[in-house]
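Residue numbers (our numbering): 54 to 210. Inspection log for the structure reproduced underneath, given as structure tokens.
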């Protein structure tokens with residue numbers, strides 16, 4: 054039947070992309086809550102994933118190198134969510150591979166291949182965002198503005 058054919062799509066790849074997207078979104082939400090008081094609590098405004106990424110600081114360290122890969126991860130998630138027949142190709146992973154390569158291959162590590170790239174972007178993005186969260190929260194409970202002032206004054210490293 055047609056339904057049986059629909060179930061034959063690559064469910065494992067889809068599941069991994071959706072799970073990794075949810076993990077990265079969790080850290081994006083935590084980072085936004087650290088940056089902006091209005092993003093804290095149950096009454097925080099609701100945004101799309103892309104809008105949330107756009108609201109993140111545009112600093113040149115930490116998350117900056119991985120941002121294009123995270124944006125592409127969101128595009129893949131959207132393709133999966135809106136097309137039951139979506140099938141992942143190597144070309145779909147190319148932007149993610151470019152984003153993760155500098156860190157993934159540091160110290161002579163082998164470049165992740167295939168779906169291992171999805172795991173790697175999840176790991177790198179989560180670590181980068183967690184680093185920002187720790188820096189912002191360590192500077193002040195006032196959020197990103199207080200951190201940027203302290204960074205400008207060279208009070209934090």
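From the three backbone atoms N, C-alpha and C, an ideal C-beta is built for every residue, glycine too.
- Nearest neighbour of residue 118 by Cα position, chosen from 180, 191 and 188, turns out to be 180.
- In this structure, 110 is the residue among 110, 154, 132 and 102 with its C-alpha nearest to the C-alpha of residue 189.
- Residue 165 and residue 66 have their alpha carbons spaced roughly 15 Å apart.
- Residue 119 sits in coil when the DSSP states are folded into three classes, being neither helix nor strand.
- Residue environment analysis places residue 130 among the buried positions, since at least 16 neighbouring C-beta atoms fall within 10 angstroms of its C-beta.
- Taking each of 95, 93, 115 and 92 in turn and checking the Cα distance to residue 187, the smallest one comes out for 115.
- Contact check for residue 185 against residue 73 fails: the beta carbons are separated by 8 Å or more.
- The alpha-carbon separation between residue 176 and residue 136 amounts to approximately 26 Å.
- Taking C-beta separations shorter than 7 Å and ignoring five residues to either side along the sequence, the partners of residue 168 in its chain run 66 and 69, following chain order.
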